[in-house]
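Here the protein sequences line up with chains A and B, keeping their order.
Here the first sequence is numbered in our numbering, starting from 1 and rising by one per residue.
Here the second sequence is numbered in our numbering, starting from 115 and rising by one per residue.
Worksheet: the structure to be examined is printed underneath.
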Amino acid sequence: DGGITQSPKYLFRKEGQNVTLSCEQNLNHDAMYWYRQDPGQGLRLIYYSQIVNDFQKGDIAEGYSVSREKKESFPLTVTSAQKNPTAFYLCASTKDRGTYNEQFFGPGTRLTVL
Amino acid sequence: RKEVEQDPGPFNVPEGATVAFNCTYSNSASQSFFWYRQDCRKEPKLLMSVYSSGNEDGRFTAQLNRASQYISLLIRDSKLSDSATYLCVVNPGRDSNYQLIWGAGTKLIIKP
Numbered sequence: 001d002g003g004i005t006q007s008p009k010y011l012f013r014k015e016g017q018n019v020t021l022s023c024e025q026n027l028n029h030d031a032m033y034w035y036r037q038d039p040g041q042g043l044r045l046i047y048y049s050q051i052v053n054d055f056q057k058g059d060i061a062e063g064y065s066v067s068r069e070k071k072e073s074f075p076l077t078v079t080s081a082q083k084n085p086t087a088f089y090l091c092a093s094t095k096d097r098g099t100y101n102e103q104f105f106g107p108g109t110r111l112t113v114l
Numbered sequence: 115r116k117e118v119e120q121d122p123g124p125f126n127v128p129e130g131a132t133v134a135f136n137c138t139y140s141n142s143a144s145q146s147f148f149w150y151r152q153d154c155r156k157e158p159k160l161l162m163s164v165y166s167s168g169n170e171d172g173r174f175t176a177q178l179n180r181a182s183q184y185i186s187l188l189i190r191d192s193k194l195s196d197s198a199t200y201l202c203v204v205n206p207g208r209d210s211n212y213q214l215i216w217g218a219g220t221k222l223i224i225k226p
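In C-alpha cells, the structure reads:
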C-alpha cells in the first residue's frame, strides 16, 4: 500500500538535545512538507521541499532543520534552539510541485520535551 | 485578520440532524479550497476538494462563495462517526508559493 510513514509515533526529549523525526513516502510525490500543530491551532508550516536537494523555510523554521537527499525521504531535526518544541508534528506530501493539489499526511509524531 | 477563519465550536448536534459551518478567507486570489477531517490525536484526512462553485459527496456538500470569500460545509443526516474537527484549507496559489493556509478547525460533536 502506498502512503506516508512517520517514526517514531511518540518521542520524549530532554532539554538541550537534538532529535530527528523520520518521514518516508512511497507515493512518488514530488513535494513534501513538515507542519507543527499545537492544541486549538491550525497547522503551521515549518519547511517544505518541492524537489530533491532543495527546500524552503515555512512560517516557523527557526530551531528546525531538514534535508531532502532522496525523493522519498524528508527528515526533520528539532534542535535545542527551538524554544518550545513540544507539539504534534505532521509530514505531508503532494503529487506535483507548484500546483493546487491536495496534501496527504502521515500519522504524525508527538514530541514531548521533559 | 487571520487568513483563514473558522468558528472553533464545539457544535453539539443530535444524531440525524443537519449541521453547517462556514469558513472565511482573506486572499481573493485563492484558487482551490479543501475540507479536511481530523480525529482526536490523528492526522488530517481529506474530506472534500472544492475547485469551482461547490462539490457534493453523499451526505456532505461544500459550497464556495467567491464574492463573499467563504466556503461552507453541510453535513446531512449526521452520524456519531461524524464527530471530529473539520479543517478549512485554502490555496492562494502563487501568492503563497502554492502553500496551503489552514484554519484552526471547527469541532463537531454528534450526540445520540
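The beta carbon of each residue, even a glycine, is placed where N, CA and C say it ideally should be.
Quick caveat, the model's predicted, so the values are computed rather than measured.
Within the segment 29-51 of chain A, those residues whose Cβ lies closer than 7 Å to any Cβ of chain B are, in chain order, 40, 41, 42, 43, 45, 48.
Close CB contacts of residue 153 of chain B within its chain, under the 6 Å cut and outside five residues either way in sequence, are with 198 (chain order). Close to chain A, meaning a Cβ-Cβ distance shorter than 9 Å, are the following residues of the segment 205-216 of chain B: 205, 207, 208, 211, 212, 213, 214, 215, 216. For residue 208 of chain B, the three-state secondary structure derived from DSSP is helix. For a Cβ distance threshold of 7 Å, residue set 102 of chain A lies close to residue 148 of chain B, ordered along the chain. C-alpha of residue 163 of chain B to C-alpha of residue 22 of chain A: approximately 28 Å in a straight line. If you keep only unbroken beta strand (DSSP E) runs of at least 3 residues inside the segment 3-67 of chain A, you get 4-7, 10-13, 19-25, 31-37, 44-51, 54-57, 64-66.
For residue 221 of chain B, the uninterrupted beta strand (DSSP E) run begins and ends at 220-225, by DSSP. Listed by position along chain A, the residues whose Cβ is nearer than 7 Å to that of residue 197 of chain B form an empty set, because the closest Cβ is around 17 Å away. For the pair residue 213 of chain B and residue 89 of chain A, the CB atoms are not nearer than the 8 Å cut-off. Looking at the backbone, the Cα of residue 222 of chain B and that of residue 9 of chain A are separated by about 26 Å. Contact with chain B is found for residue 105 of chain A, since one of that chain's Cβ atoms lies less than 8 Å from the residue's Cβ.
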